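**Q** Structure below; questions to follow.
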Amino acid sequence: MLIKKVKDKKDIIESYFKSSNILKSIYHVKTKDLDIVFNRGAVYRYVDVPLKIFEQFERDQSQGKFLNRHIRNKFTTNKVADVDTQKLVESINRMMQRNSKIDGIIDSENPNPK
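Just so you know, we're using our numbering here: the sequence shown kicks off at 1 and counts up by one.
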């Protein structure tokens with residue numbers, strides 16, 4: 001389930017999820033690359049994913065199921081990193097508790113949050 005979506009001026013969309021498998025996605029509008037940060041820390045890049053598919057992925061009730069059905073094995077995939085997800089998980093949990101912005105990230109569509 002989508003928790004928060006953040007767009008920046010560089011045409012990058014970061015989305016944070018409450019999911020058993022996926023913590024975050026980063027969609028690069030210009031290149032159509034979709035980076036997925038999994039709960040265990042692996043980061044995979046899916047190449048040339050249309051914006052429409054990404055938007056459906058975001059809206060789906062289960063990002064993991066959508067990924068398996070409509071993205072995985074349909075787009076070129078590369079593992080790009082392994083990351084420590086502890087701070088990201090803590091930020092997502094705090095955000096869910098107070099229904100606020102991810103710490104340190106300001107939504108460019110609303111640059112003056114209250």
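Beta carbons: idealized from backbone N, C-alpha and C, even for Gly.
Please read these numbers as outputs of a predicted model, since none were measured by experiment.
In chain order, which continuous runs of the alpha helix (DSSP H) of length 4 or greater are located wholly inside the region 48–106?
**A** Listed in chain order, they are 51–59, 63–66 and 86–98.
**Q** How would you call Asp48, buried or exposed, if buried means at least 16 neighbouring beta carbons within 10 angstroms?
**A** Here residue 48 refers to the residue found at position 48 of the sequence shown. Burial call: exposed.
**Q** Reducing DSSP to helix, strand and coil, say where Lys18 ends up.
**A** Locating residue 18 in the sequence shown gives position 18, counting from the first residue. Of the three classes helix, strand and coil, the one that applies to Lys18 here is coil, per DSSP.
**Q** Closer than 8 Å by C-beta to Asp82: which residues in its own chain qualify, once you throw out the five before and the five after it? Chain order, please.
**A** For the purposes of this step, residue 82 is identified with residue 82 of the sequence shown, where counting begins at 1. Gly41, Ala42 and Val43, listed in sequence order.
**Q** Could you spell out where the beta strand (DSSP E) holding Val29 opens and where it closes?
**A** Taking the first residue of the sequence shown as 1, we reach residue 29 at position 29. Element bounds for Val29: n/a, residue is neither H nor E.
**Q** Identify whether Asp33 lies in helix, strand or coil by the three-state DSSP scheme.
**A** For this step, residue 33 is matched to residue 33 along the sequence shown. Residue state, collapsed to three classes: strand.
**Q** Are the region 84–98 and the region 48–57 touching by the rule of at least three beta carbon pairs closer than 8 Å?
**A** Too few Cβ pairs lie closer than 8 Å, so no.
**Q** Give the straight-line distance between the Cα atoms of Asp60 and Ile22, rounded to the nearest whole angstrom.
**A** As a first step, residue 60 is located in the sequence shown; it is residue number 60 there, counting from the start. As a first step, residue 22 is located in the sequence shown; it is residue number 22 there, counting from the start. The straight-line gap from Cα to Cα measures roughly 13 Å.
**Q** Tell me whether Arg45 sits in a helix, a strand or coil according to DSSP, three-state version.
**A** Within the sequence shown, numbered from 1, the residue matching residue 45 stands at position 45. Looking at Arg45 - three-state DSSP - the assignment turns out to be strand.
**Q** Tell me the rounded alpha-carbon separation between Val37 and Lys24.
**A** Position 37 of the sequence shown, counted from the start, is the residue given in the question as residue 37. Position 24 of the sequence shown, counted from the start, is the residue given in the question as residue 24. Spanning the two alpha carbons is a distance of roughly 5 Å.
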